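For reference, the structure is listed below as structure tokens.
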Amino acid sequence: MSTETVEKDSKNYPLLRNLQYSPLKQGEEQYIVLWDPSGLSSEKLVLPLNFFYLFQFFDGEHSLEQVGAEYLKKYGEFMMPDRLTKLVSDLDEKLFLEGDRLKQVQAQAFEAYRKLDSRPMAFAGQQYESDPAKLRVQIDGFYSSKEGPEKGKAECAGQTIKGLVAPNFELKDAGPIYAWGYQELREGQVPDVLVLIGTCHAGLEGGIAFTDKDFDTPFGTVPVNRAIIDLIRKETGETFFVEDIAHLREHSLELQLPFLKHALGEGREISIVPILVDFPPETLTGGEYQQLFHRIDQFLTITKRAIQASGQQVCVIGSANLAHIGIRYGDKTPPTDFSFHRCMQIDLEMLKKVEEADPEGFAEFILKEGNQRRILGFGVIFSLMKLLKRDGEDFKGQVLRYDRGITDQFNSTVTYASIVFV
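Residues in the sequence shown are numbered consecutively from 45, following this note's numbering.
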């Protein structure tokens, strides 16, 4: 007797996509704002807390009838089936649910992206100035601000810069912290090839996404390094390129490029190897992460081999934030001054492992505390250090500046730093 797997109706067994959310307070009322970090949908949805409670059951396993029963159990009220059906319909319309409609839109987006010669700017005019002259003034302002670096005082002036970690937080808040890092590139010796590794906030099924697209910036188009990209593709085929559309609306690499061009000189010919990563420190423990662990190991081995085979010197730039604390990120209460300062102390202790060029120690530190502070940039910083650990080459890191940004009305907080490697 054979058993067949019957695919469940996505309208009756809704499965929520990987969305981001933020708490919102209007008067005495509290809501949750949902949006799609991949940019496939530009919609936002504002929900009361009782509706948001239901989303934990939108897992593809609970039927709408079961979801309604959970609502009754929690609130002691019966939710009319038509209200629940309308909620699911609204979510599907906004592309917030897995299903046939989403697959169709994804396929169209993939096809359109593949036809592009270069990745267009997604955040120019929003996160940073789109006009080159205004952008120069904006970046100069980050350098000269009271939080920015003192001109001509780079820690590693004249030295070869092997790597850099900069934030990927909003420039209006973190711009001066970016400048601390890019001053080292401006006053140091930097190769013409930059390997850029950024956090993929929308998530990646396979943990890694290269792209072979050039990147547009207000200062001109930055080409990818075809030699290294072709060597990677020769060894792996499309393995690490199947999710390249993740680059289209991800801000983490785009926000580095204006600083990079400004620091190295707009007329200088450089090339990049753009990579997005998404894997937690638990990946290194194997177990349920065994398949992802092997994939990450393959990515690091092949990328190092491709860099060596190309015969080119590279600088590795990581776009990463550190801790994420507060209600927006899953804590039950907002951060206090005490909890933030405690977080800062732990961050700086953790970053000693980065300064010591110890990727495994960095991972172990986070694992020991159960990643309670949600170090979203782990994959970026770990990959950067592993790529810098080439045969016969030593390196060390130095934390230049550390700060934080507030992300909502409840003081949810993201920490970040600029770190140079020589």
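In this text, a Cβ means the ideal position worked out from N, Cα and C, and glycines have one as well. Just so we're clear, the structure is a prediction, and the values are computed from it rather than from any experiment.
### Sequence-distant residues of the same chain with beta carbon closer than 7 Å to K15, five excluded per side
Here the chain covers residues 45 to 466 and nothing more, so residue 15 does not appear.
### Task
Specify the secondary structure class of G277 as computed by DSSP and reduced to three states.
Position 233 of the sequence shown holds residue 277. What sits at residue 277 in the sequence shown is Arg, not Gly. DSSP places R277 in helix when its eight states are reduced to three.
### Task
Would you kindly check if the distance between the Cβ of H291 and the Cβ of R158 is under 8 Å?
Along the sequence shown, one-based indexing puts residue 158 at 114. Along the sequence shown, one-based indexing puts residue 291 at 247. Against a cut-off of 8 Å, the Cβ pair of H291 and R158 comes out as no contact.
### Query
Can you name the residues that DSSP bridges to W79?
For the purposes of this step, residue 79 is identified with residue 35 of the sequence shown, where counting begins at 1. DSSP lists Q64 and K88 as partners of W79.
### Message
I need the boundaries of the alpha helix (DSSP H) containing D103, first residue and last residue.
### Response
Against the sequence shown, residue 103 aligns to sequence position 59. Looking at the DSSP string, D103 is not in any alpha helix (DSSP H), and its letter there is neither H nor E.
### Task
Sort V209, E399 and T283 by Cα distance to V424 and report the nearest one.
On the sequence shown, position 380 is the one that residue 424 refers to. Considering only alpha carbons, the answer is V209.
### Query
Taking all protein chains shown into account, do 16 or more other C-beta atoms lie within 10 angstroms of the C-beta of F343, making it buried, or fewer, making it exposed?
Your numbering for residue 343 matches position 299 in the sequence shown. F343 should be labelled buried.
### Task
Could you round the C-beta distance between F64 and V237 to whole angstroms and report it? I think they count as a contact, below 8 Å.
What you label residue 64 is simply residue 20 of the sequence shown in a count that begins at 1. What you label residue 237 is simply residue 193 of the sequence shown in a count that begins at 1. Per the sequence shown, the amino acid found at residue 64 is Gln instead of Phe. Contact flag wrong, Cβ pair sits at about 33 Å.
### Message
Could you compute how far the alpha carbon of F140 sits from the alpha carbon of D375?
### Response
Locating residue 140 in the sequence shown gives position 96, where the first residue counts as 1. Locating residue 375 in the sequence shown gives position 331, where the first residue counts as 1. Distance between the alpha carbons of F140 and D375 is about 24 Å.
### Query
CB V466 to CB Q227, shorter than 8 Å?
Here residue 466 refers to the residue found at position 422 when the sequence shown is read from its first residue. Here residue 227 refers to the residue found at position 183 when the sequence shown is read from its first residue. Judged by beta-carbon spacing, Q227 lies beyond the 8 Å limit of V466, meaning their Cβ atoms are not closer than that value.
### Task
Please go through the stretch 432-457 and give each complete beta strand (DSSP E) segment of 3 or more residues, from N-terminal end onward.
Listed in chain order, the complete beta strand (DSSP E) runs (minimum 3 residues) inside the stretch 432-457 are 441-450.
### S462, buried or exposed, once every other Cβ within 10 Å from all chains shown has been counted against 16
In the sequence shown, residue 462 corresponds to position 418, counting from 1. Taking every protein chain shown into account, the CB of S462 has 16 or more other CB atoms within 10 angstroms, so this residue is buried.
### Query
When the distance is taken between beta carbons, is S296 closer than 8 Å to N212?
In the sequence shown, residue 212 corresponds to position 168, counting from 1. In the sequence shown, residue 296 corresponds to position 252, counting from 1. Closer than 8 Å, so yes.
### Task
Kindly indicate which three-state DSSP category I419 falls into: helix, strand or coil?
Residue 419 sits at position 375 when you count from the first residue of the sequence shown. Taken through DSSP and simplified to helix, strand or coil, I419 comes out as coil.
### Task
Could you pull out every residue in the same chain whose Cβ sits closer than 7 Å to the Cβ of P176, ignoring the five residues on either side in sequence?
Numbered from 1 along the sequence shown, position 132 holds the residue referred to as residue 176. P262 and F263.
### Query
Of all the beta strand (DSSP E) runs that stay within the bounds of the stretch 157-227, which reach a length of 3 or more residues?
Runs found: 207-210.
### Task
Let me know the secondary structure DSSP gives Y57 once reduced to three states.
The residue you call residue 57 lines up with position 13 of the sequence shown. Here Y57 sits in coil by DSSP.
### Task
Just grab the DSSP bridge partners of G355 for me.
The residue you call residue 355 lines up with position 311 of the sequence shown. Bridge partners of G355: none, in fact.
### Message
Can you list, in chain order, the residues of its chain with a C-beta nearer than 7 Å to that of A364? Leave out the 5 residues immediately preceding and following it.
### Response
Within the sequence shown, residue 364 is the residue found at index 320, counting from 1. These residues qualify, in order along the chain: V209, N212, T243, G421, V424 and I425.
### Query
Among K433, Q171, I316 and G311, which one has its Cα closest to the Cα of R293?
As a first step, residue 293 is located in the sequence shown; it is residue number 249 there, counting from the start. If we check each option's Cα against that of R293, Q171 comes out closest.
### Query
For the stretch 431-447 against the stretch 343-352, are there 3 or more C-beta pairs whose distance is under 8 Å?
Counting Cβ pairs under 8 Å, three or more are found: they touch.
### Task
Go through its chain and collect everything with a Cβ distance to P81's Cβ below 6 Å, but skip five positions before and after it.
In the sequence shown, the residue the question calls residue 81 occupies position 37. Excluding sequence neighbours, P81 sits near Q64, H245 and A246.
### Message
Tell me the rounded alpha-carbon separation between I361 and D103.
### Response
Taking the sequence shown and counting its residues from 1, the one referred to as residue 361 is at position 317. Taking the sequence shown and counting its residues from 1, the one referred to as residue 103 is at position 59. Going by the C-alpha atoms only, they are around 37 Å apart.
### Query
Do F439 and A401 have their C-beta atoms closer together than 8 Å?
Numbered from 1 along the sequence shown, position 395 holds the residue referred to as residue 439. Numbered from 1 along the sequence shown, position 357 holds the residue referred to as residue 401. Taking 8 Å as the Cβ cut-off, F439 and A401 qualify as a contacting pair.
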